[in-house]
Structure formats: C-alpha cells, structure tokens
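What follows is one structure encoded as structure tokens, with my remarks underneath.
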Amino acid sequence: MRSEQEFLDLLHERLAELRGGAESAVSEALAREGSTYQQRLERDVLVAEQSGLLTAFDAGERGLCFGRLAFRDGRDHHIGRIGLRRDDADRTPLVVDWRAEVARPFYLATGYTPMGLRRRRHLTTQGSRVTALHDEILDLADVERTGHEDTDADAVLFAALGAARTGRMRDIVRTIQAEQDRVIRSPHRGVLVVEGGPGTGKTAVALHRAAYLLYAHREQLTRRAVLIVGPNPGFLGYIAEVLPALGETGVLMATPGELFPGVTVTEVDGPEAARVKGDTAMAEALARFVRDQQTLPDPEIVIQHDDGELSLDVEIAAEARRRARETEAPHNLARPTFAFRVIDALTAQLADRLGADPYGGPNFLGPDDIAQLGKGIASSPEVHAAIEELWPRRTPEQLLADFLAEPVHLPEAHAEAIRRTGGGWTAADVPLLDETAELLGVDDSAARAAAEAERQERIAYAQGVLELSYGSRTQEYEDLDDEESEVLAAHDLIDAERLADRSEEADHRTAAERAAADRTWAFGHIIVDEAQELSAMCWRLLMRRCPTRSMTLVGDPAQTAEPAGCGSWETILAPYVGDRWEHIGLDVNYRTPTEVMDIAARVLRSADGTFEPPRSIRSTGHRPWARRTDQLPPAVAAAVAGETPAEGRLAVIAPGGCHAALSAALPEAATGPNPDLTRTVVLLDPRQAKGLEFDTVIVAEPAQLASSDLYVALTRATQRLGVVHTGRLPEELTGLVESVG
Ligand SMILES: Nc1ncnc2c1ncn2[C@@H]1O[C@H](COP(=O)(O)OP(=O)(O)OP(=O)(O)O)[C@@H](O)[C@H]1O
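Residue numbers for the sequence shown, in UniProt numbering: 1 to 741.
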C-alpha cells in the first residue's frame, strides 16, 4: 500500500506540473499580440491543443490510476484514465492510458489465457489516497504473495454495481468486462450493432467506444467530430459526465429532435401521426410535393412589357421545366435553369415580333440587339413574378408547413393523421424537414460568391505574407544550394492558397460546435443509443450525416416503445449497407438483480413465450412487492417514504395521466418534462425512464402501461422494486409478494 501511495503521489506531482505548464501556455497564447493570419492560426492551434490537455488532466484527477499489470517478462505498467510520461530524455511512461494496446490484458486476461500476465492489480483510490488493493494471480507457478490476493476476483466489479446511484452515469473504465472490451475496441470500420437486454452495459460500452475511437483515430475524429444520439434530453444529461471523465470532449450529443439546426421541438405527435411521419412513404410523398411546386400556366401568363405583351405559355414553361428537371439538381438549385430558359424563350418571342421582316426575310435584329432585349426581360419585375409563380423558391420550413396543412400523395387515413395547420414542430417533423431541405437544396450561391471573394482576398494577403517571408531570407541562407538547405521557411512549406485555407480553418469553435450548426456536416463516427426507437425517416437523416457509415448502434428491440420504431436491424440497415454490418450481442445484466429480472421477464414472456432475458449477474435478497390501494397518491407517497434509500436515488415510474395527482402527493420529487435526476426522488413516465437507473423503483398503475413500457419501468431498479396499483394487477405480476402499506 505504501509503495502504491508513493507512486500515486509521484503521479499527482507530475500531473500538477503538466497542468501548470498547460495553463500558462494557454494564458500566454491568449495574451500574445499578433494580427496576421499565421500568428492567429498558431495561437488558436496552441490554445485548442492545450485546452484539450487540460480536460484530460481534469479527467486524470478523478481516479488517475486504477490498475497495475505485472508481466512474466518483468514489464510492469500502471494503468490510468490518461497516459503520463516522466520529464526525462526518454519520456518514460509513468502510467499507461487504458486505451493503449498494452493495457488490454487488464480487461481480457484470465487464468486460462493470462496474456503474459503474472499478476493483475486493481487500485481503489479516494482523491489522491490509495484505499484498497485487489490482486489476482494469473500465473499459478508464481509463489510470491502480496497479502492483497482476492479470493473473489470480481470484488471490484460488485462494489461498483452495488454502489448507490447519483443520478449521473459513471464510467466503467476500472471494470470493463471482456465481452464489453471486444465491442469497445472492435476494429470494424462500418456499422456495428450492439444488441442486449436492459442493464447489459450498452450505453456504457457505446460511450467507452467513443472514447476509444477518439484515442485510436484522434486526428480524423477531432476534425470530423463524433455524434452521439440519445432518446431525450434527460438521458443526455444523465450520460453527459462519462466522456469528460475519460478526458474526451470532442463529441456532440443530441436527441433526434435536435438534428435540424435552427429548429426547436415544442410539440408532441400522437402515436399514429408519429408512425405515419416516420414511414419512408413520407420521402416519396415529399419528393412528389416538391415536384408539385413546379407548375405550368393555365394556359398562359400574360406579361406587360414596354414593347408590348409577352405570353409565357404552357409550351415555353413545359420546355423550361423539362430542362430544369433534367439537371437533377434539387428544386432551388434547378430554378436558375428554369429562369434562364423562360427568359430566353420570351426574348426570342419579343425579337420575332420586333425584328420580323414583313416580307418573310431574316430577322432585322442582330445578336447585340437581342442580348439587349434579353437584359430588359431578365430585369423585368413582372417576369420575375411569373417565374416565382411557376417555380417558387421555398424554404424547408415553409414547404413542410404547407404539406402538413394539406398532405398529399398519401392514403387519406394517413393524411388525416398528420394534417395540422400552424403550431410548433415535433420530433417526427425533424427528419421531414431534413428530407425537404435535401429535396430543395440550399441556394447558397450568393453566400458562396461572397465566401469565394473573401478567400481570394485571403490568398492575396497570404501571398504577401509569403513574399515577405521569402524576401527576409538571410544571406547565408540564400547562398546555400536549395538542395542542401535543411532550414525550411514558410514559403518552402506552403503555398499561398493552402496558407489562406488554413487561416480559414482557424475557427475558434471545435468541430463538434461547428457540426451542431451545420445541417450538412459529415461526422467521423455516429453512435446511436436506444437505436430501436428511431423511425425509418430518422435513419435516412442519420445516414446522410455519416457518408462513411462508420457507426455504432446500440439497442434492444424488446424495449421498443416508439410507434415508428424500426423493429429489426435488417430492415433498418438493408437500404444503406445491405448485409455488410456486424452484430454483437451482450447478455449479462449488470444492473437489475435476479429478483427483479425474473418478474420483468414474465412481462415479455406473456407476449412471446420464447423470450430470453439477459442473465443477471447478482442478486440482492430483496423481493419485489406489490401493494393494492384505493387511493393511489397517498399510497405511493407512503411507499416512497418507506423505501427512499439513505444514499442513492428513488424513481416513481407512472403513466403520464397519473402525474398531476402524484406530484401533488410527492412535493419533494423532481417532475416535469426534464426533471433533475440528481434529486433523491423523481417522478417519471416510462419513456422518460428509458436508459436510466435508480436504487429503488416504484411502478404505479402497471395495468395502464403497454408491455414494452412496463418492461422498461421494471428493469430500472438496481436494488429494490415495488408496485402500487388500484385495479387488478396484470397477470404477469401476480407472483409479487403482497405488501400491506
Ligand atoms: N463492466 C462494468 N463495470 C461496472 N458497471 C457496469 C459494467 N457494465 C455495466 N455496468 C453498469 O450497469 C448499468 C447498466 O449499464 P447501461 O445503462 O449501459 O445498460 P444498457 O444496456 O444501456 O441498459 P438499458 O437497455 O436498460 O438502457 C450501469 O450502471 C453501468 O454503469
């Protein structure tokens, strides 16, 4: 213990040293004067790098070192949240990052396959104090003993699993299990599906995989960012501290409803509307609706012009429309083609009239006269109005609002389910907005022209910088033959265009921040949690955001609650990657004790006799109970008073309809759409409870819950479960111990 403590002290000293260095580098860089692009670029890169290091150091402080590997060949490594080196000439490693290959035996070695290990040690620390050691001997021939050998190899794991919950998910870096490690470090580059029942660590594994990928492909993923999609803001808050605790912040977390920049979801769809909006039939309907915007005159639009009337007739419009559609560009981007064709045709019409030779000879007007006429027509407000009428410029928001006000190209029952005038957006509208934005295209020609002009200015400026740099070469330097010169200057390394482009990249925002504001951002990797809940339309959106298809999807089809949820992985993935995806199953339940899982499993077995629940790794001895009452709110309040853990958290999970009465009876409980999960007691509906966990769970009125919702509700408990009900208990729960309040 003493020598581990000395080592930990040394680590903390080194960490303080590095932290001090990074802090002063940041303040120095921020204070640095300099207005040239090159200087600003260097300053920004430095600040970003050092700030990243500071995050990692913060992470390190929370359990800097938690393991040690003694190899048979004499190598000996401490394992930690982040890697640290000594400040010596060889930069000797002090502690190895858990993600490094050399740390892998910490998670995988067994007595059967010791991976070269003699001994594996778990260090438990509190702040900077070592409080316990657990040693496992992996080489049976090794006779040396430390006095910390553990008879129970899983003591550290069980201590973590049994610990009181805090309302925030913790990392599992000290106790990742072998089957989880395989997912976290999977080298698979395409779509990886991780499926497992409740509590099998899917979320934990997904987050640690994000941390691993950021470590293994740092450069690429820092540039392109990682997106983590979770079911609701409460859940994202619940998992928000895991990655920073692992030293990683370059990640964007969002719910599906937050994936269209500039749009905030304020409304909720009914189940039927959500189902219809989530179906891919919507993509077809919207595509046809966009074509419907490209209309023809009936039979003509008459345009008053200084030189007489012009007729924009069906023939002209149809030809212009054909040409515009032929470009296969999105609606707004094809519009200029339509406009040019119409203007050309009207110019020809006018030229025919004005220059016609009454005796049938060639037109009197020359090309210059005709060009002049064309200019006049192109600047006519009436012509513009006619083009706008036939091929209007639309925004996704306008177009979708029009579509929802009078849905077309759908069966009447479906149209009826989604018909809506005005009001805010729903989560199911977001993929539709994205689809519409794709169909319309963003007419950013003006913005692009401005950006290009600015870029040309920067190139000119950068050229100046390089010329200066070239001009200031020293005499000796010039005397050297270029071939021999080993001293390189800016002008040798970079040309003006690249320097200008690099200056553009000196954007203070991280890639994740830029990605959040950019609808067309292509992420380096996307992780989807509760992936079974996403609709087919939402998958279309996500696939557009990840052209490389580098994705990790975690979910449990048995917990599907959303009516538009896709059901099977094959159905979800076939349109995008065929059968080129990998599936890994997790089947050990680390959360829910056997007593609770047995009850929960019965709920799903009643619908599907072959259902196999995940195997619980522990039991608590607490038998789940049920209590019948005539008065739900006081009975729930009494149950809460009796069951609230001294440490830890309790959740009442009840159908939404009971919430008003229950929250009045539970004044101490956090409630509402986004309750504070760190409070001791929270009141949730089963959808809000998705992915969360609590020491004690009280489920109210189970008979009112759909079986997948009930299954989710029951499997949130890490220790104790109770059920309070007014009417009859659902058949599957009749085995519960009857409790009197
Ligand atoms: N190897 C591990 N070491 C310690 N704790 C673990 C380990 N694996 C999972 N856990 C814990 O088990 C609990 C359940 O994990 P998690 O929430 O990731 O499961 P899940 O599969 O996403 O569940 P659900 O489908 O119900 O959302 C969490 O508290 C997690 O920290």
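For each residue, glycine too, the CB sits at the ideal point set by N, CA and C.
It should be emphasised that the depicted structure is a prediction, and the values quoted were computed from it without experimental measurement.
CA-to-CA distance, residue j to residue i, given in whole angstroms
| i | j | result |
| --- | --- | --- |
| Cys538 | Pro256 | 7 Å |
| Gly360 | Ile387 | 32 Å |
| Ala164 | Asp695 | 6 Å |
| His188 | Leu213 | 11 Å |
| Gly355 | Gln349 | 10 Å |
| Ala415 | Pro702 | 33 Å |
| Leu53 | Glu732 | 53 Å |
| Gln372 | Ser311 | 19 Å |
| Thr520 | Gly201 | 32 Å |
| Phe338 | Ala453 | 27 Å |
| Arg335 | Leu399 | 16 Å |
| Lys277 | Glu267 | 14 Å |
| Thr146 | Glu136 | 10 Å |
| Leu493 | Glu219 | Confidence at Leu493 is low in this model, with a pLDDT of 44, below 50, so its placement is unreliable and no value can be given for it. |
| Val430 | Phe260 | 6 Å |
| Ala641 | Gly162 | 22 Å |
| Glu643 | Gly21 | 50 Å |
| Pro198 | Ala561 | 14 Å |
Nonlocal neighbours in the same chain, by C-beta distance under 6 Å from residue i, ignoring five residues either side
| i | result |
| --- | --- |
| Asp73 | none |
| Arg549 | Gly190, Val191 and Val577 |
| Arg43 | Ala29 and Arg32 |
| Arg62 | Ala245 |
| Leu390 | Thr295 and Ala317 |
| Ala103 | Ile79 and Val96 |
| Ala109 | Met115, Leu117 and Leu138 |
| Glu484 | Here the model assigns Glu484 a pLDDT of 36, short of 50, so the residue's position is not dependable and the matter cannot be decided. |
| Arg545 | Phe523 |
| Glu309 | Val302 |
Spatial neighbours of residue i in its chain, beta-carbon cut-off 7 Å, leaving aside the 5 residues before and after
| i | result |
| --- | --- |
| Asp689 | Just to set this straight, residue 689 is Ala in the shown sequence, not Asp. Excluding sequence neighbours, Ala689 sits near Ala651, Ile653, Val712, Ala713 and Arg716. |
| Asp482 | Note that Asp482 scores a pLDDT of 38, beneath 50, so its modelled location is shaky and nothing firm can be said. |
| Arg224 | Ala511, Ala522, Phe523 and Gly524 |
| Ala155 | His134 |
| Thr175 | Val156, Leu157 and Ala160 |
| Val383 | Ile303, Ile343, Leu346 and Ile377 |
| Ala329 | Gly441 |
Cβ-based neighbour list, residue i, same chain, cut-off 8 Å, excluding 5 preceding and 5 following
| i | result |
| --- | --- |
| Trp581 | Gly190, Val191, Leu192, Val193, Trp569 and Leu573 |
| Glu738 | Trp625, Ala626, Arg627 and Arg628 |
| Asp479 | Because the pLDDT at Asp479 is just 35, under 50, the model does not fix this residue reliably, and the value given afterwards should be weighed accordingly. So no residue of the chain qualifies. |
| Ala665 | Pro633, Pro634, Val636 and Ala637 |
| Leu677 | Gly167, Arg168, Gly234, Gly237, Tyr238, Arg649, Ala670 and Leu692 |
| Leu221 | Leu213, Leu214, Gly250, Gly524 and His525 |
| Ala351 | Asn363, Leu365, Asp369, Ile370 and Leu373 |
| Glu272 | Ala417 and Pro563 |
| His659 | Thr671, Leu683 and Asp685 |
| Ile599 | Pro624, Leu714, Leu721, Glu732, Leu733, Gly735 and Leu736 |
| Ser619 | Pro593, Thr594 and Glu595 |
Span of the beta strand (DSSP E), counted from its first residue to its last, around residue i
| i | result |
| --- | --- |
| Met253 | Val251 to Ala254 |
| Leu133 | Arg129 to Ile137 |
| His148 | Here His148 belongs to no beta strand (DSSP E), and DSSP marks it neither H nor E. |
| Glu582 | Trp581 to Leu586 |
| Ile526 | His525 to Val528 |
| Gly162 | Taken as a continuous stretch (DSSP letters only), Gly162 belongs to no beta strand (DSSP E), being part of the alpha helix (DSSP H) at Ala155 to Gly162. |
DSSP beta-bridge partners of residue i
| i | result |
| --- | --- |
| residue 745 | Here the chain has residues from 1 to 741 only, and residue 745 is not among them. |
| Ile698 | Val652 and Gly722 |
| Ser619 | Answer is none; Ser619 lacks a bridge partner. |
| Arg121 | Arg68 and Asp135 |
| Val265 | Trp425 |
| Met551 | Val191 and Ile526 |
| Ala646 | Answer by DSSP bridge pairing: none, since Ala646 is not bridged. |
N-terminal and C-terminal residue of the alpha helix (DSSP H) that residue i is part of
| i | result |
| --- | --- |
| Val191 | Where Val191 is concerned, there is no enclosing alpha helix (DSSP H), although the beta strand (DSSP E) it sits in stretches over Val191 to Gly196. |
| Trp539 | Ala536 to Arg544 |
| Arg728 | Run containing Arg728: none; DSSP gives neither H nor E here. |
| Val636 | Leu632 to Glu643 |
| Ala660 | His659 to Ala665 |
| Val102 | Note, Val102: premise wrong, no alpha helix (DSSP H); not H, not E. |
8 Å Cβ cutoff, residue i in contact with chain B
| i | result |
| --- | --- |
| Ser379 | Considering every chain present, this structure includes no chain B. It has just one protein chain. |
Item to check | beta strand (DSSP E) runs wholly inside the segment 58-98, at least 3 long, in chain order | outcome: 65-71, 76-80 and 93-97
Checklist entry - If you scan the segment 307-357 from start to end, which runs of the alpha helix (DSSP H) of 4 or more residues do you find wholly inside it? => result 314-326 and 331-355
Item to check | Runs of beta strand (DSSP E) wholly within the segment 188-245 (minimum 3 residues, chain order) | outcome: 191-196 and 226-229
Next on the checklist: Threshold first: 3 residues or longer. Then list the beta strand (DSSP E) segments lying entirely within the segment 397-449, N to C.
Outcome noted: none
Item to check | alpha helix (DSSP H) runs contained entirely in the segment 268-298, provided each spans 4 or more residues | outcome: Fully enclosed alpha helix (DSSP H) runs of 4 or longer: 271-278 and 281-292.
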